[in-house]
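Protein chains: 2
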Amino acid sequence: MSFDERKKTRVTLLDVARHANVSRATASLVLRKSPLVGSETRSRVEQAMRDLGYVYNIGAARLRVERSQIIGAIVPNLTNPFFAELLSGIEEVIGETGKVVILANSGDRVERQATLLQRMREHGVDGVILCPAARTEPALSEEIADWGMPVVQVLRHISFDIDYVGADYAAGMRQAVDYLASLGHAKIAFAAHGSVQSAYQERVDGFRDAMLSKALDPGILIHFPTQLGEIASATHLLFDRATRPTAVICFNHLVALGLSAGLHDCGLTIGRDLSLIGFDDVADEEAIRPKLTSVSTGPVTIGEMAARLLLERIANPDLPPRRVVNDTTLHIRQSCGRPM
Amino acid sequence: MSFDERKKTRVTLLDVARHANVSRATASLVLRKSPLVGSETRSRVEQAMRDLGYVYNIGAARLRVERSQIIGAIVPNLTNPFFAELLSGIEEVIGETGKVVILANSGDRVERQATLLQRMREHGVDGVILCPAARTEPALSEEIADWGMPVVQVLRHISFDIDYVGADYAAGMRQAVDYLASLGHAKIAFAAHGSVQSAYQERVDGFRDAMLSKALDPGILIHFPTQLGEIASATHLLFDRATRPTAVICFNHLVALGLSAGLHDCGLTIGRDLSLIGFDDVADEEAIRPKLTSVSTGPVTIGEMAARLLLERIANPDLPPRRVVNDTTLHIRQSCGRPM
DNA sequence: GAAACATTTTAGATCGATCTAAGTAACCAG
DNA sequence: CTGGTTACTTAGATCGATCTAAAATGTTTC
Numbered sequence: 097m098s099f100d101e102r103k104k105t106r107v108t109l110l111d112v113a114r115h116a117n118v119s120r121a122t123a124s125l126v127l128r129k130s131p132l133v134g135s136e137t138r139s140r141v142e143q144a145m146r147d148l149g150y151v152y153n154i155g156a157a158r159l160r161v162e163r164s165q166i167i168g169a170i171v172p173n174l175t176n177p178f179f180a181e182l183l184s185g186i187e188e189v190i191g192e193t194g195k196v197v198i199l200a201n202s203g204d205r206v207e208r209q210a211t212l213l214q215r216m217r218e219h220g221v222d223g224v225i226l227c228p229a230a231r232t233e234p235a236l237s238e239e240i241a242d243w244g245m246p247v248v249q250v251l252r253h254i255s256f257d258i259d260y261v262g263a264d265y266a267a268g269m270r271q272a273v274d275y276l277a278s279l280g281h282a283k284i285a286f287a288a289h290g291s292v293q294s295a296y297q298e299r300v301d302g303f304r305d306a307m308l309s310k311a312l313d314p315g316i317l318i319h320f321p322t323q324l325g326e327i328a329s330a331t332h333l334l335f336d337r338a339t340r341p342t343a344v345i346c347f348n349h350l351v352a353l354g355l356s357a358g359l360h361d362c363g364l365t366i367g368r369d370l371s372l373i374g375f376d377d378v379a380d381e382e383a384i385r386p387k388l389t390s391v392s393t394g395p396v397t398i399g400e401m402a403a404r405l406l407l408e409r410i411a412n413p414d415l416p417p418r419r420v421v422n423d424t425t426l427h428i429r430q431s432c433g434r435p436m
Numbered sequence: 097m098s099f100d101e102r103k104k105t106r107v108t109l110l111d112v113a114r115h116a117n118v119s120r121a122t123a124s125l126v127l128r129k130s131p132l133v134g135s136e137t138r139s140r141v142e143q144a145m146r147d148l149g150y151v152y153n154i155g156a157a158r159l160r161v162e163r164s165q166i167i168g169a170i171v172p173n174l175t176n177p178f179f180a181e182l183l184s185g186i187e188e189v190i191g192e193t194g195k196v197v198i199l200a201n202s203g204d205r206v207e208r209q210a211t212l213l214q215r216m217r218e219h220g221v222d223g224v225i226l227c228p229a230a231r232t233e234p235a236l237s238e239e240i241a242d243w244g245m246p247v248v249q250v251l252r253h254i255s256f257d258i259d260y261v262g263a264d265y266a267a268g269m270r271q272a273v274d275y276l277a278s279l280g281h282a283k284i285a286f287a288a289h290g291s292v293q294s295a296y297q298e299r300v301d302g303f304r305d306a307m308l309s310k311a312l313d314p315g316i317l318i319h320f321p322t323q324l325g326e327i328a329s330a331t332h333l334l335f336d337r338a339t340r341p342t343a344v345i346c347f348n349h350l351v352a353l354g355l356s357a358g359l360h361d362c363g364l365t366i367g368r369d370l371s372l373i374g375f376d377d378v379a380d381e382e383a384i385r386p387k388l389t390s391v392s393t394g395p396v397t398i399g400e401m402a403a404r405l406l407l408e409r410i411a412n413p414d415l416p417p418r419r420v421v422n423d424t425t426l427h428i429r430q431s432c433g434r435p436m
């Protein structure tokens with residue numbers, strides 16, 4: 097394995113074959129661990145690979161065989177720890193199978209999402225895990241079907257024709273509302289945030305249904321700004337209404353963090369002056385004091401499940417579309433008390 | 097563009113060429129926007145591409161041309177928001193150039209990192225942004241040189257022969273120590289955490305040097321557990337020593353979050369009973385109360401700079417190795433006061 | 001010793017683009 | 001009308017693997 101040998105041009109399977117005195121075809125069989133080749137030949141070829149510092153060229157192989165070993169993942173926002181945990185679950189499962197994940201950030205914008213999907217098609221990905229940008233047209237699902245590209249939707253969905261993995265947001269809302277109601281709360285606000293998409297809608301609807309089923313007023317819905325810093329300073333929005341809520345359910349962990357800080361700034365004690373329930377329960381919420389009672393949706397698990405579903409879909413493209421809805425759990429900590 | 101036409105086999109450049117009555121070569125020229133082809137021909141070919149729903153096959157092109165348009169990124173931990181922000185910066189810059197990022201998580205383990213590097217070589221990445229796992233052998237840099245693979249180290253470094261982008265941890269420590277000293281603190285602890293690697297060492301050394309240059313005792317170094325939840329409950333470690341610190345500088349934002357919660361649990365008021373300075377300053381720190389005074393290292397910026405450096409390195413492999421060290425800034429908020 | 005069979009090995013076509021070197025057509029100057 | 005130029009266009013080799021169909025080799029059976 098002289099310097100020149102490796103530097104001049106890439107070591108190819110043909111080089112290996114020559115070095116081991118076999119044909120390119122045989123070397124290829126060794127590479128793919130075929131039982132056809134004799135054990136003596138096999139070890140000779142393997143030795144040659146080591147001697148020459150051979151590196152398998154997946155790209156070349158893919159040209160022949162329809163499998164790129166690449167999976168795409170498109171999320172609307174990378175800096176949101178919730179999506180980071182999701183990705184971590186995806187990468188974990190995909191990585192175990194020897195495949196590789198292409199990461200892309202749509203910025204929650206439909207045009208950028210279209211560009212990214214196109215780019216992934218050009219790279220010949222085996223499939224894509226997509227958290228659709230807000231305001232994605234349902235027609236996208238037909239395009240995807242036309243392309244014949246295996247896709248799994250996560251967290252948000254635009255179509256029932258495509259596999260979907262998410263959490264049972266409605267059940268989560270019910271858990272939160274029931275718990276607050278059991279403490280005696282009647283004036284419960286929902287602190288929303290972000291763009292309108294299916295997950296948003298499901299949470300809002302879930303909140304309304306849960307409130308109605310307890311015969312409570314579901315009308316206190318307040319929309320907070322996007323940036324974490326701005327949420328805290330917009331806390332007063334909670335108190336600008338005729339009916340002042342005694343408890344607040346947050347849309348996600350960002351709102352929970354923001355309000356937790358904002359309420360502190362207002363001089364209010366969470367759990368006494370106002371009860372607060374978070375949603376999503378990412379790791380950082382551990383650090384909030386008082387500890388936040390929160391509905392956990394398990395982003396890492398959802399990522400893992402989405403990855404597994406995609407692998408199954410790739411293996412068997414003719415399966416009917418499936419929906420996997422992860423259970424939510426209410427973690428009761430310290431941020432809720434009886435109304436004053 | 098009948099259903100069959102697209103479904104049966106992939107539409108290839110040859111199909112496009114035939115449909116537009118030109119040769120494959122001409123179609124290829126159109127694809128690459130060569131000025132050689134006549135405008136009438138060009139638009140005919142472009143129309144044909146649209147008619148047939150042609151998708152460029154980067155994989156096939158790569159076989160001929162030495163450019164995969166794929167960049168690798170290897171980080172030790174995806175769920176840490178610090179790395180998520182780093183990735184976001186990387187993806188942003190790489191994405192703008194039309195390239196794509198392969199994401200991988202080494203789990204801070206050397207063997208896994210080796211597997212991932214190998215996998216990326218097989219995928220023919222144009223280059224890799226690597227945050228080396230703890231205890232990576234410096235010899236890895238020679239292997240990388242042998243491979244001829246463009247690599248940029250981020251945040252941590254194992255060799256001076258490879259480009260590096262990081263933050264000026266030592267200066268950050270100096271800013272923190274100087275500030276605390278100016279408030280009158282003398283007994284300042286350093287709350288460390290995580291695996292030992294270059295960034296760890298630089299922070300610890302930076303702390304020591306800064307303390308010594310103020311003629312203060314640099315010996316109060318306390319190591320905290322890895323998990324966020326465990327950090328809070330290990331807060332007492334701060335007070336187990338003969339000399340009780342009046343201020344604490346945290347290794348990173350995780351320690352800052354953990355201690356912030358832990359001190360609250362101990363019934364101590366941050367900024368009055370004990371001063372706390374964070375490090376890294378990721379977005380979530382906005383939500384801590386009292387607001388955390390913190391040294392910002394700018395992970396998004398570092399990611400962007402690393403991506404740009406890698407692109408330059410790819411364009412010009414013979415450049416001498418470079419080191420880019422981002423300035424840190426001390427954001428003074430509310431978590432520090434005069435010692436009691 | 002030939003036929004039948006199992007076990008290995010291989011030549012050559014193939015995937016879908018790019019690149020080289022050569023070809024064609026149109027135009028202009030002399 | 002010839003030779004030179006410019007402006008396009010193209011045939012065919014090539015990148016590095018896989019796959020098919022066939023060949024070579026070894027083994028057993030009658």
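Protein chains in written order, with our numbering: chain G, 97 to 436; chain U, 97 to 436.
Don't be surprised by glycine CBs; every beta carbon is placed ideally from N, CA and C.
Quick caveat, the model's predicted, so the values are computed rather than measured.
Pick from the options that is closest to residue i, judged by C-alpha positions
i      : options                        : result
U:N173 : U:E408, U:Y265, U:Y150, U:T322 : U:T322
U:Y275 : U:A123, U:T425, U:H115         : U:T425
G:E192 : G:F335, G:G302, G:R404         : G:R404
U:V189 : U:M436, U:P246, U:P413, U:V396 : U:V396
G:M245 : G:L148, G:D111, G:L213         : G:L213
U:R368 : U:P416, U:H349, U:G433         : U:G433
U:I186 : U:S431, U:V248, U:R106, U:S356 : U:V248
U:T450 : U:L353, U:E142, U:V351, U:L148 : There is no way to answer for residue 450 of chain U, as the model of chain U reaches only from 97 to 436.
G:R419 : G:L110, G:G134, G:D259, G:E239 : G:D259
U:E338 : U:K195, U:G168, U:V250, U:I316 : Going by the sequence as given, residue 338 of chain U is Ala instead of Glu. Minimum Cα distance to U:A338 is reached at U:I316.
Under the three-state DSSP convention, the category residue i falls into
i      : result
G:E221 : Here residue 221 of chain G turns out to be Val, not Glu, going by the sequence shown. G:V221 falls in the coil class under three-state DSSP.
G:K103 : Here G:K103 scores only 41 on pLDDT, less than 50, and its place in the model should not be relied on; the value that follows carries that caveat. G:K103 falls in the helix class under three-state DSSP.
U:R419 : strand
U:S135 : helix
G:I428 : coil
U:T331 : helix
G:F178 : helix
G:L199 : strand
G:D259 : strand
G:Q165 : coil
U:F303 : helix
G:T339 : coil
G:A288 : strand
G:Q143 : helix
G:I438 : No answer is possible for residue 438 of chain G: the residues shown for chain G start at 97 and end at 436.
G:G185 : helix
U:I154 : helix
G:S390 : strand
U:L324 : helix
Nearest-angstrom Cβ-Cβ length linking residue i and residue j, presumed shorter than 8 Å
i      : j      : result
G:A241 : G:D257 : 7 Å
G:V197 : G:I398 : Their Cβ separation, rounded to whole angstroms, is 15 Å, which puts G:V197 and G:I398 out of contact at 8 Å.
G:S184 : U:T175 : 5 Å
G:C346 : G:A287 : 5 Å
G:H219 : G:S164 : 7 Å
U:A229 : U:S255 : Going by Cβ atoms, the distance from U:A229 to U:S255 rounds to 14 Å, so no, they are not a contact pair.
G:S431 : G:S371 : 6 Å
U:A282 : G:P177 : The pair is not a contact, with the Cβ atoms about 37 Å apart (cut-off 8 Å).
Under 8 Å between C-beta atoms of residue i and residue j
i      : j      : result
U:V344 : U:A285 : yes
U:M269 : U:A311 : no
U:V141 : U:V151 : no
G:I373 : G:S390 : yes
G:N422 : G:A200 : no
| query | So, do the region 223-231 of chain G and the region 375-384 of chain G have three or more beta carbon pairs nearer to each other than 8 Å? | reply | Touching, no.
| Below 8 Å, can you find three or more Cβ-Cβ pairs linking the region 293-305 of chain G to the region 112-129 of chain U? | Taking a cut-off of 8 Å on C-beta distances, the region 293-305 of chain G does not touch the region 112-129 of chain U, as fewer than three cross pairs fall below it.
| message | Measuring CB atoms only, is the region 205-212 of chain U touching the region 407-424 of chain G, in the sense that at least three cross pairs come out at less than 8 Å? | response | Result no; under three Cβ-Cβ pairs closer than 8 Å.
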